[in-house]
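These notes concern the structure reproduced below.
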Amino acid sequence: MPVDQPLVVISKSGSKRWISAADTAARKLGLKIGMPASKAQAIVPNLTMIDADPSADAAALERLALWALRQYSPVVAVDGMDGIVMDTEGADHLQGGEDLLISGLVNGLRARGLTARAAVADTWGAAHAITRVTSAETTVVPVGGVAKAVTGLPIHCLRLPADTIHGLRVMGVETAGDWGRSSAVWFPIVSETGALSPSQTT
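All letters in the sequence shown, in the order written, are residues -12 to 189 by the numbering used here.
Below, the structure written as structure tokens:
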């Protein structure tokens, strides 16, 4: 298959079919995760679509986590259906620092035919959110900079319960910054568990 051939993975539930993964060529043409398969085909008539195989994907992700464990950090885990998370504290200096660690990680995945985004932050939740929104391949959030880094992020990527996200959107809250500006309590801090935790303003 040509490198520039747009390719997407299609997941389904009942009669619904949507994009669950897309290659670089497909994304450049405007295709996005969650887009209905029919709409994607209308936008890109020559689109190549393959059916998702959750079991095979999970097994492949476990193998990537093991590779990262051996190469980059003694603490690595699968993060959802499409990511891995690692504790780089104490391990980054072995790679020449945080920037070199994550650039090496992304390059290593590219050598395996995979496109990835990586972020280093004070918390797992912040890194998780940033990698799922930013277009940058690598991001290093300075120590103490999590609140500023997540301010513009959409609330759907902040690992909040679905009912919480729905309630916030009803109130007109679309980003973490909106949430803080609309409340007497400021909620910019992403906890180690990945949920937003309140920090009372004074």
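All C-beta atoms, glycine included, are put in the ideal place defined by N, C-alpha and C.
**OP:** Can you check DSSP and say which residues form a bridge with R4?
**Re:** Here residue 4 is taken as the residue at index 17 of the sequence shown, counted from 1. Per DSSP, the beta-bridge partners of R4 are K(-1).
Original post:
Helix, strand or coil: how does DSSP classify L140 here?
Top reply: Mapped onto the sequence shown, residue 140 falls at position 153. Secondary structure at L140: coil, using DSSP grouped into helix, strand and coil.
**OP:** Look up Q23 in the DSSP assignment and say whether it is helix, strand or coil.
**Re:** Looking up residue 23 in the sequence shown gives position 36. A small fix is needed here, since residue 23 is Pro in this sequence, not Gln. The answer is strand: DSSP assigns P23 an E or B state.
**OP:** Compute the Euclidean distance between the alpha carbons of G67 and T125, then round it to the nearest angstrom.
**Re:** Here residue 67 refers to the residue found at position 80 of the sequence shown. Here residue 125 refers to the residue found at position 138 of the sequence shown. Near 19 Å, if we compare the C-alpha coordinates of T125 and G67.
Original post:
Looking at V(-4) and I30, is the spacing between their C-beta atoms short of 7 Å?
Top reply: The residue labelled residue 30 in the question sits at position 43 within the sequence shown. The residue labelled residue -4 in the question sits at position 9 within the sequence shown. Not closer than 7 Å, so no.
Original post:
If you draw a straight line from the C-alpha of Q82 to the C-alpha of Y59, how long is it?
Top reply: Translated into the one-based positions of the sequence shown, residue 82 becomes position 95. Translated into the one-based positions of the sequence shown, residue 59 becomes position 72. Approximately 8 Å between the Cα atoms of the pair.
**OP:** Could you please give the first and the last residue of the uninterrupted beta strand (DSSP E) stretch that includes T125?
**Re:** Numbered from its first residue, the sequence shown carries residue 125 at position 138. Element bounds for T125: 125 to 127.
Original post:
Do L56 and V63 have their C-beta atoms closer together than 7 Å?
Top reply: Here residue 56 refers to the residue found at position 69 of the sequence shown. Here residue 63 refers to the residue found at position 76 of the sequence shown. Yes, the pair counts as a contact, with Cβ atoms nearer than the cut-off.
Original post:
Does the beta-carbon of A114 have 16 or more other beta-carbons within 10 angstroms, so that it is buried, or is it exposed?
Top reply: As a working note, residue 114 is residue 127 in the sequence shown. With 16 or more other CB atoms across the displayed protein chains lying within 10 angstroms of its CB, A114 is buried.
**OP:** Return the bridge partner residues of T121 from the DSSP annotation.
**Re:** If you number the sequence shown from 1, residue 121 lands on position 134. T121 is not bridged to any residue.
**OP:** Express the C-alpha separation of A39 and V157 in angstroms, rounding to a whole number.
**Re:** Locating residue 157 in the sequence shown gives position 170, where the first residue counts as 1. Locating residue 39 in the sequence shown gives position 52, where the first residue counts as 1. Taking the straight line from one Cα to the other gives about 33 Å.
Subject >> Proximal residues to S25 (C-beta, below 6 Å), its chain only, five neighbours per side dropped >> reply: Here residue 25 refers to the residue found at position 38 of the sequence shown. Taken in chain order, the list of residues that qualify is empty.
**OP:** Output the distance between the C-alpha atoms of N94 and T102, rounded to the nearest integer angstrom.
**Re:** As a first step, residue 94 must be located in the sequence shown, where it is residue number 107. As a first step, residue 102 must be located in the sequence shown, where it is residue number 115. N94 and T102: Cα-Cα distance of roughly 9 Å.
Original post:
Thinking C-beta only, is A98 closer than 7 Å to V137?
Top reply: As a first step, residue 137 is located in the sequence shown; it is residue number 150 there, counting from the start. As a first step, residue 98 is located in the sequence shown; it is residue number 111 there, counting from the start. In this structure, A98 does not lie closer than 7 Å to V137 by Cβ.
Original post:
Taking A12 as the reference, which of A27, V130, P129 has the closest Cα?
Top reply: Position 25 of the sequence shown, counting from 1, holds the residue named residue 12. With distances taken between Cα atoms, A12 lies closest to A27.
Subject >> Simplified DSSP state of A192, which is helix, strand or coil >> reply: Because the chain in this structure spans residues -12 to 189, residue 192 falls outside the shown range and cannot be described.
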